[in-house]
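Below is one structure, written out as structure tokens; the observations come after it.
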Amino acid sequence: MCLNLPVGSSDITAEAIGAELEQEMKRMDAAIQRAVAMIEEMQKKSRATDSGIRLEVNEKILDSCNQLMAAIVQLVARSRAMQEEIVAAGHGTVNPNEFYKRNHQWTEGLLSAAKAIGVAATVLVQSADGVVSGQGKLEHLLVAAQEVAAKDLDFSHYSLHDTKKQEMESQVRVLELEDKLTRERAHLAQLRKQHYQLAQIVENEDGAEHS
Numbered sequence: 377m378c379l380n381l382p383v384g385s386s387d388i389t390a391e392a393i394g395a396e397l398e399q400e401m402k403r404m405d406a407a408i409q410r411a412v413a414m415i416e417e418m419q420k421k422s423r424a425t426d427s428g429i430r431l432e433v434n435e436k437i438l439d440s441c442n443q444l445m446a447a448i449v450q451l452v453a454r455s456r457a458m459q460e461e462i463v464a465a466g467h468g469t470v471n472p473n474e475f476y477k478r479n480h481q482w483t484e485g486l487l488s489a490a491k492a493i494g495v496a497a498t499v500l501v502q503s504a505d506g507v508v509s510g511q512g513k514l515e516h517l518l519v520a521a522q523e524v525a526a527k528d529l530d531f532s533h534y535s536l537h538d539t540k541k542q543e544m545e546s547q548v549r550v551l552e553l554e555d556k557l558t559r560e561r562a563h564l565a566q567l568r569k570q571h572y573q574l575a576q577i578v579e580n581e582d583g584a585e586h587s
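Shown next, in the form of structure tokens:
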């Protein structure tokens, strides 16, 4: 269950938030590993009981599922590593749990995305089992595969997006400051030009009066 934390919440401890996030991450990892194991088991069963075209089709379907899950395992691992870097870079003098609490919206998004991956992986396995056993539709499996990929990208979004977003925002601020500085320099140059022109006019008028 994802925590709904109000801004500045004090009724839920930082330790509880950190523990909840860690538990959800473990559940996600376990769901992914179960999905991988069940797909491998389905392959063994199909090779033992099926033959001909049916075996060939099932092999291709389950191979595709295996490749998808392998890609997800790698992406999740990279995202987890980046998540740890974000926390390490952002918590400063506070501990990671306190960082999670202070950045509760980011933490809630990470919790929700992790939970969604676990659910989507389970649905993928169920859909694959239905197709291989002849009781399900291929369309259901395709939708499930797309859902797994989408949820995994959501998870990596919360792990990778914040640092990239901050980097881009910093670049935008630098460009804005550079643009402002350029405009101020142009304005200063224009003022100096006008001052010079006015000085010339005054000088000419003074010269005319004394002649």
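For the sequence shown, the residue numbers in my numbering are 377 to 587. Quick reminder that beta carbons are idealized off the backbone N, C-alpha and C, glycines included.
- Per DSSP, the unbroken alpha helix (DSSP H) holding S503 starts and ends at 480-509.
- The Cβ-Cβ distance between A490 and M404 falls below 7 angstroms.
- I577 has its alpha-carbon roughly 10 angstroms from the corresponding atom of H571.
- Around the CB of A411, 16 or more other CB atoms lie within 10 Å, so the residue is classed as buried.
- The residue among K402, I408, I393, L397 with its C-alpha nearest the C-alpha of V499 is I408.
- Excluding residues up to 5 positions away in sequence, nothing lies with its Cβ nearer than 8 angstroms to the Cβ of R559 in the same chain.
- 7 angstroms or more divides the Cβ of I393 from the Cβ of K527.
- Using a 10 angstroms sphere on the CB of T483, the tally of other CB atoms reaches 16 or more, which defines it as buried.
- Judged by beta-carbon spacing, V524 lies within the 7 angstroms limit of A496, meaning their Cβ atoms are closer than that value.
- Straight-line spacing of the CA atoms in R430 and A446 works out to 24 angstroms.
- Around the CB of L518, fewer than 16 other CB atoms lie within 10 Å, so the residue is classed as exposed.
- For the 7 angstroms CB-CB criterion, V508 and L514 do not form a contact.
- When secondary structure is reduced to three states using DSSP, K569 falls in the helix class.
- In summary, H563 is exposed, with fewer than 16 beta-carbon neighbours lying within 10 Å of its beta-carbon over all protein chains present.
- Here the alpha carbon of V449 sits roughly 53 angstroms from the alpha carbon of R561.
- The criterion of a C-beta distance shorter than 7 angstroms is satisfied by L487 and E400.
- In the structure shown, D439 adopts helical secondary structure according to DSSP, grouped into three states.
- Collapsing the DSSP output to three states places N434 in a helix.
- A424 is classed as exposed because its beta carbon has fewer than 16 other beta carbons within 10 Å across all chains shown.
- Counting of Cβ neighbours within 10 angstroms places D530 among the buried residues, the total reaching 16 or more.
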